[in-house]
Structures are given as C-alpha cells and as structure tokens.
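To start, the structure under review is shown below, and the notes come after it.
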Amino acid sequence: MKELLLLFWLIIVFNQTILSQTSTVNVNSYDIAATLSLNSENLNITLFCQIQPSVSLSEVQFIFSSESKLHSVKYLKDNNWVNIPYQFNGKDSLLLLFENAILPHSKYDLRFEYSYPTSWHKDSLVMIDRGHRWYPLIIDQVAPFKLACDVPEGFHVLAAGDLISVKDKKDNTTFIWESKSAVFKLPLIIFDRSRYKEFEYDSLGINIDFFYLNADSVDASRVIKEAANSMKFYSEHIGIYPYKKLTLFEVTQWEGINTGSGLIMIGTQSLEMMKQKYFESLNLTIAQQWIGAGVFAKYGSPGFWFLSLSLPHYLRLMYLCQTQGEETFLKSMSESLEKYREFAGKENDIPIINIDSPNSREKSLVLYGKGPYILSKIHRAMGDEKWLSFLQNLYESFRGKILTYDKFENQISGYDEDGSILALLKKLISEKGMPKR
18 MKELLLLFWL
28 IIVFNQTILS
38 QTSTVNVNSY
48 DIAATLSLNS
58 ENLNITLFCQ
68 IQPSVSLSEV
78 QFIFSSESKL
88 HSVKYLKDNN
98 WVNIPYQFNG
108 KDSLLLLFEN
118 AILPHSKYDL
128 RFEYSYPTSW
138 HKDSLVMIDR
148 GHRWYPLIID
158 QVAPFKLACD
168 VPEGFHVLAA
178 GDLISVKDKK
188 DNTTFIWESK
198 SAVFKLPLII
208 FDRSRYKEFE
218 YDSLGINIDF
228 FYLNADSVDA
238 SRVIKEAANS
248 MKFYSEHIGI
258 YPYKKLTLFE
268 VTQWEGINTG
278 SGLIMIGTQS
288 LEMMKQKYFE
298 SLNLTIAQQW
308 IGAGVFAKYG
318 SPGFWFLSLS
328 LPHYLRLMYL
338 CQTQGEETFL
348 KSMSESLEKY
358 REFAGKENDI
368 PIINIDSPNS
378 REKSLVLYGK
388 GPYILSKIHR
398 AMGDEKWLSF
408 LQNLYESFRG
418 KILTYDKFEN
428 QISGYDEDGS
438 ILALLKKLIS
448 EKGMPKR
C-alpha cells in the first residue's frame with residue numbers, strides 16, 4: 018500500500034507539469050538571466066530561446082503563465098531585434114504572431130523580457146517548476162539550457178543540470194546552472210541557506226548534496242547512502258551519470274517526490290517514510306535520472322506512460338534484486354501485481370499501450386503492477402547479458418533525447434534474432450488481462 022500511495026504522489030506532480038498538445042516547432046536551447054531582489058516580489062527575467070519550425074508558420078503557440086507581466090517579445094533579424102506581436106489566447110497560452118512566416122528548418126532566436134510573480138516575502142522560499150509555466154515552453158520539447166540567477170546575499174539557488182559557478186558581489190550572489198544535455202523541465206529553487214541543513218556525499222565518482230529541514234544527521238546519512246548505492250548500481254549497469262552531482266531538496270509544501278534532471282525534490286512525508294527505511298520512492302526517482310529525466314518518452318504518443326513509469330519501476334526492481342536478493346525482488350513485484358489481478362481482464366482494465374493518463378487507480382496499477390511484470394518477461398526472454406546490453410545501448414543512444422515507443426521496439430529488435438521477443442512484447446502491451454505465458 019505504501020508503494021501504491023507513492024505512485025499516486027508521483028503522478029500528481031507529473032500531471033501538473035504536462036498539459037497541452039504537441040507542436041510543429043522544436044526548441045533548440047534556453048539561455049536565461051533571472052534576478053530576485055529583497056524589495057521585489059517579482060523574478061525579473063530575460064530569456065533567450067532558439068526555435069526551429071518543421072513547417073512554414075505565421076503563428077507559434079507557447080505555454081506561458083498568464084500571471085507574468087510580459088514586457089516584450091522580439092526575434093533576431095539581420096542582427097537587429099524586431100518586435101513580435103503577441104497575445105494571450107487562453108489561460109497560460111501565449112501566441113506569437115509573425116508578420117512574415119518563419120520558414121521550415123531555419124533557426125530563430127527569440128528574446129522574452131518579463132516579470133514572474135513569486136511569494137518571496139511570505140516564506141523566503143521560491144520554488145517554481147515546469148507546471149508553473151514560469152518560462153515559455155512547448156509541451157513535447159526537451160532542450161539544453163543555461164541559467165544565471167542573481168539573488169540576495171545569504172540565499173542559495175538550485176536548478177537542473179550542473180552548478181557551473183557562484184559569484185559573490187557586494188550585496189548579492191550569482192549562481193550559474195547549465196545542462197548541455199537536453200532536459201524536460203527547468204525547476205528553480207531559491208532559499209535562505211541558513212535555514213537548511215546540508216549533508217554532502219563524495220565517493221568513487223558519486224556526488225550527492227542533500228538540503229533538509231526535518232531530519233537528524235543519522236537520518237540524512239542513511240538517506241544519502243541509499244541514494245549513493247542506487248546511483249552506483251545504475252551507473253554500473255546502465256551508463257555513467259551525466260551530471261557532476263545529484264541534489265536532494267526537502268519540500269514541506271506538498272507530498273511525494275518531483276524529479277528533475279540532476280535535482281530531486283522530496284516532500285516531507287516521503288522523507289518520513291525514508292527515515293523508516295522505506296526507500297521505494299527514492300530508488301524509483303533515482304532510476305528516473307536515467308530513464309525519465311535522462312532519456313525522455315515522447316509526450317502524447319502511445320506508450321508514453323509505459324516508458325516514463327513502468328520502465329523506471331522495473332529498473333528499481335532490478336536494483337532491489339541486486340541488493341536484497343531475488344526473493345525480495347519477486348515479492349515486491351508480486352505485491353503490486355496482486356492488486357492488478359483484482360480487476361485484470363474486466364471492464365475497467367485497459368491495455369497498457371492505450372493509457373493516456375494515470376488518472377485512476379486502475380490505470381495506475383496497470384502501469385505499476387502489470388508494466389514491470391511485462392518487462393520482467395522480456396528480460397527473461399532476452400537473458401541477463403542481452404537485457405543489460407539493451408538498456409546500456411538505449412541509454413547511450415537516447416540520453417538527452419526523446420524516445421518514442423516505436424523506437425523502443427526498434428531497439429529491442431536488435432536483440433531478438435527470431436522476432437519472438439518483439440512479438441511477445443506487442444502482445445503483452447496491447448491486450449487486457451494477465452499474460453498467459
């Protein structure tokens with residue numbers, strides 16, 4: 018039951034961050050300069066964004082907060098910044114109107130200047146993420162980024178990617194974060210450094226920072242060592258972790274865990290479970306650093322949730338098997354599967370490939386119970402050596418890129434001499450009920 022609640026918490030956070038249709042525009046990069054002052058409730062932002070349309074367009078739709086005060090939007094033309102007319106054509110929907118159509122496959126540099134409202138004076142914590150639409154985004158895109166954030170002295174900045182530099186000035190500090198590999202979302206946390214305790218881990222190439230409020234040093238040590246063991250397992254079996262360190266940050270505002278690339282935000286209730294040695298949520302979100310926040314499933318396409326949730330869950334079970342033995346592995350998988358068996362094949366069951374959102378208990382159990390079981394059968398059919406080779410090649414080929422389900426099948430076909438494994442997978446993900454073989 019604890020694991021089921023965990024899944025619901027993860028889904029709540031995930032669903033808050035993805036809501037729109039796909040687009041014919043690629044986002045190539047972000048370069049953001051943000052400033053937060055003690056005498057202002059607004060985050061003042063200048064954002065450069067490079068886009069590349071796949072067809073000729075006179076309009077480009079972004080997801081962007083309607084609460085922002087947008088000062089200007091411009092694009093670079095013949096070395097001059099030219100104003101782009103724009104309008105909010107719905108809540109958090111920003112439409113750019115180009116007087117001359119932008120051409121397919123050409124690259125266009127955009128500049129947004131705006132202010133984003135924060136609750137700075139209320140709790141001295143700013144924590145915003147993709148779901149807040151604090152930066153203009155296109156829903157199905159991933160992109161590398163650079164973020165320079167200027168904050169008052171004594172405050173600290175966390176984001177996705179790597180911390181490149183910290184520059185102290187007279188009354189403020191500038192933090193520069195960057196990811197040369199594409200990310201799905203850009204979380205930003207600004208907090209009073211003096212209020213948080215910090216535990217650091219650095220051993221054998223595994224580096225972790227843990228900022229927390231509601232734990233003692235023994236609890237923090239236990240959590241961070243489990244995180245390190247988990248990271249070591251995925252690094253050795255799937256591929257090298259792409260960032261200099263992983264940052265864990267305790268959040269008191271909500272339950273569950275929110276996963277970013279290089280950054281995991283842990284709700285206080287989830288931390289309490291970890292203090293009792295329930296590490297399922299921690300191990301899952303660390304697995305997602307490889308598949309989920311490292312390799313990205315194609316939003317809105319068939320199999321999105323299978324790749325985003327079922328596959329990382331199975332990676333977690335693999336770690337459980339390695340560290341606690343096959344009996345524990347089988348017991349953990351069986352517990353979730355038994356909950357699915359209660360309605361397997363009935364009216365409220367659904368083929369896993371058809372799940373468009375885990376917005377019900379049944380859909381969640383298909384993803385969390387049946388999904389890993391399907392992957393275990395594919396693993397068994399391949400054998401350990403081929404399965405690990407498949408995962409390593411998948412990660413190497415798609416790290417920082419979008420993985421569609423069709424491409425996932427294509428990767429499997431390279432390890433399937435007679436086509437039987439791929440045929441089994443197609444059958445299992447497209448039918449209702451428990452697999453019969």
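Okay, so the sequence shown: first residue is 18 according to the working numbering, each after it adds one.
Every residue gets a Cβ at the ideal spot worked out from N, C-alpha and C, and that includes glycine.
N- and C-terminal bounds of the alpha helix (DSSP H) containing residue i
i	result
proline 329	328-341
leucine 392	388-399
glutamate 359	Premise fails: glutamate 359 is in no alpha helix (DSSP H) and is neither H nor E.
asparagine 59	Careful: asparagine 59 lies outside any alpha helix (DSSP H), inside the beta strand (DSSP E) at 59-70.
aspartate 433	Where aspartate 433 is concerned, there is no enclosing alpha helix (DSSP H), given that its DSSP letter is neither H nor E.
aspartate 236	234-254
lysine 443	437-447
serine 220	Note, serine 220: premise wrong, no alpha helix (DSSP H); beta strand (DSSP E) at 214-220.
leucine 382	378-382
8 Å contact criterion, which residue i and residue j should meet: CB distance rounded
i	j	result
alanine 177	valine 200	5 Å
tyrosine 432	lysine 394	No, tyrosine 432 and lysine 394 are not in contact; Cβ-Cβ is about 14 Å, not under 8 Å.
isoleucine 9	lysine 249	Lying outside 18 to 454, the shown extent of the chain, residue 9 is not represented and no answer is given.
tyrosine 357	glycine 386	4 Å
proline 204	aspartate 146	4 Å
valine 240	leucine 299	7 Å
alanine 398	isoleucine 370	Rounded, the Cβ-Cβ distance is 18 Å, inconsistent with contact.
leucine 175	leucine 280	6 Å
glycine 388	serine 327	3 Å
isoleucine 419	valine 159	6 Å
isoleucine 457	tryptophan 322	Nothing about residue 457 can be read from this structure; the chain reaches only from 18 to 454.
valine 312	phenylalanine 415	4 Å
Identity of the residue in the options nearest residue i by Cα
i	options	result
tyrosine 103	Asp126, Lys124, Asn96, Phe79	Phe79
leucine 114	Ser132, Leu127, Glu76	Glu76
glycine 171	Pro121, Ile155, Leu55	Leu55
glycine 324	Lys94, Pro375, Ala361	Just to set this straight, residue 324 is leucine in the shown sequence, not glycine. Of Lys94, Pro375, Ala361, the residue nearest in Cα terms is Pro375.
valine 99	Phe105, Glu355, Ser89, Cys338	Ser89
leucine 111	Pro121, Asp126, Asn97, Glu84	Glu84
serine 406	Glu359, Ile255, Leu392	Ile255
leucine 93	Phe65, Lys108, Lys86	Phe65
leucine 263	Ala245, Gln270, Glu253, Thr269	Ala245
isoleucine 119	Asn43, Lys186, Leu53	Asn43
proline 169	Ile155, Asn189, Val183, Ser278	Asn189
aspartate 51	Asp423, Phe192, Ile367	According to the sequence shown, residue 51 is alanine rather than aspartate. Considering only alpha carbons, the answer is Phe192.
asparagine 10	Pro121, Phe105, Asp126, Glu253	Since the first residue shown for the chain is 18 and the last is 454, residue 10 is missing from the structure and cannot be characterised.
asparagine 427	Lys418, Arg416, Gln67, Leu411	Leu411
serine 46	Lys108, Leu265, Gly417	Gly417
serine 278	Glu272, Gly309, Ser252, Asp185	Gly309
cysteine 166	Ile207, Phe415, Ser40, Ile274	Ile207
serine 247	Ile372, Ile49, Leu332	Leu332
serine 349	Ser57, Glu195, Gln270, Tyr295	Tyr295
aspartate 209	Ser123, Glu195, Tyr229	Tyr229
The beta strand (DSSP E) enclosing residue i, as first and last residue numbers
i	result
isoleucine 207	205-209
phenylalanine 192	189-200
glutamate 76	74-80
lysine 86	86-94
leucine 164	160-169
serine 46	42-53
serine 182	179-185
leucine 175	172-176
methionine 451	Looking at the DSSP string, methionine 451 is not in any beta strand (DSSP E), and its letter there is neither H nor E.
asparagine 224	223-229
isoleucine 145	142-145
Any 3 or more C-beta pairs closer than 8 Å across the region 148-160 and the region 211-230 = no
Kindly confirm or deny that the region 305-312 and the region 378-389 touch, where touching means at least three C-beta pairs closer than 8 Å.
-> They do not touch, by the three-pair rule.
Segment contact, 8 Å Cβ cut-off, at least three pairs: the region 246-261 with the region 226-233 | Segments in contact, no.
Note down, one range per segment and in chain order, each beta strand (DSSP E) of at least 3 residues found wholly within the region 261-325.
-> 263-268, 274-277, 280-284
In chain order, which alpha helix (DSSP H) runs of at least 4 residues are fully inside the region 97-136?
-> none
Cβ contact check for the region 359-369 and the region 334-350: 3 or more pairs under 8 Å = no
Looking at C-beta atoms only, is the number of pairs between the region 289-296 and the region 129-138 that lie closer than 8 Å three or more?
-> no
Cβ contact (3+ pairs, closer than 8 Å) linking the region 60-69 and the region 122-130 | Three or more beta-carbon pairs separated by less than 8 Å link the region 60-69 to the region 122-130, which places the two stretches in contact.
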